[in-house]
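Numbering (full-length UniProt numbering), first residue to last: 1 to 327. Don't be surprised by glycine CBs; every beta carbon is placed ideally from N, CA and C. It should be emphasised that the depicted structure is a prediction, and the values quoted were computed from it without experimental measurement. This report concerns only the one structure given below.
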């Protein structure tokens, strides 16, 4: 789970200094859905999530060791990171695994794009970290319409496809709770983003180590019983998607600020679709990419990237954009 940060940079550097990093970040997170799809072929979703958080934890702990930084010491921070580790990492990553047992990886990538829409009402109504405006309400309505289009609501008949999409929707909603919770209770601390993320993943690792055997109903498979493709996917999910990608995300926030960095949300589904079609030979129905565009339009409207017409002299109120989560 990426840290919610209020870091900004008053003087934006040239596009060429940060655009390549953003593309790499979007590619890593967009390809995560491909790795999940491969991983659940041989691993229970809970064990796939466990392998991911464990690999990510090891990478971030190694980075902390190199930087000579320590993990949090405050019991209060650890209590909050335990909660965020559960609802921001362990739960959504397991749900995406369940979802991708039933639907294509590219569709799961599309569902990840609704996260900012899930964040806003929870941030407003529960955590009081944001406020509703006409602009944001309109964005939510547009996004909801897009969600119905992605689902193909006019032809729903139940079955594995619907269940899989609901699992992925649940994962996005879980992010919707975790992000404002983290912003409300953790973001104001003096911890570095790397230390905070390492603590979150460590908590998620402990949680899944206890819960995964109960959910799966059996012990985890031995590594040598898994195919090379599955092992590589688990390592890529953890080391890249939950380790290296966070470092890149933090670099982007320092370069161009959290709001601009959150634009990665719009690029991630493109990579998820491309690799799903090319690598896994997945197929889209016409309404899924159309619905995704409607959802992203709703996100852009709700976050002020597309603004409603304003009367002359009306003062603009700046809006904060929610940084994209690790998928």
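Legend entry - Where residue 227 falls: helix, strand or coil (DSSP): coil
Legend entry - residue 393 in three-state terms, based on DSSP: Here the chain covers residues 1 to 327 and nothing more, so residue 393 does not appear.
Inset, instruction - Identify every run of the alpha helix (DSSP H) within the UniProt domain "EamA" (164 to 301), keeping only runs that are complete inside it and at least 4 residues long; order them along the chain. - result: 193 to 216, 228 to 235, 245 to 261 and 264 to 280
Legend entry - Residue closest to residue 55, alpha-carbon to alpha-carbon, out of 146, 238 and 126: 238
Legend entry - Three-state secondary structure assigned by DSSP to residue 307: coil
Inset, instruction - Assuming residue 72 and residue 191 form a contact by the criterion Cβ under 8 Å, report the distance between their Cβ atoms to the nearest whole angstrom. - result: 6 Å
Inset, instruction - Could you say if the region 217 to 231 and the region 76 to 94 meet the contact criterion of at least three C-beta pairs nearer than 8 Å? - result: no
Legend entry - Close-in-space but distant-in-sequence residues of the same chain around residue 235 (CB under 6 Å, 5 per side omitted): 55
Inset, instruction - Can you have a look at residue 67 and say buried or exposed, based on whether 16 or more other CB atoms are within 10 angstroms of its CB? - result: exposed
Legend entry - Contact belief for residue 96 with residue 272 at Cβ below 8 Å, rounded distance in angstroms: Their Cβ separation, rounded to whole angstroms, is 11 Å, which puts residue 96 and residue 272 out of contact at 8 Å.
Legend entry - Contact set for residue 25: own chain, Cβ-Cβ below 7 Å, skip 5 residues either direction: 245, 248, 249, 252 and 264
Legend entry - C-alpha gap between residue 309 and residue 17, whole angstroms: 33 Å
Legend entry - Presumed contact (8 Å Cβ cut-off) between residue 114 and residue 174, rounded CB distance: About 12 Å; that fails the 8 Å criterion.
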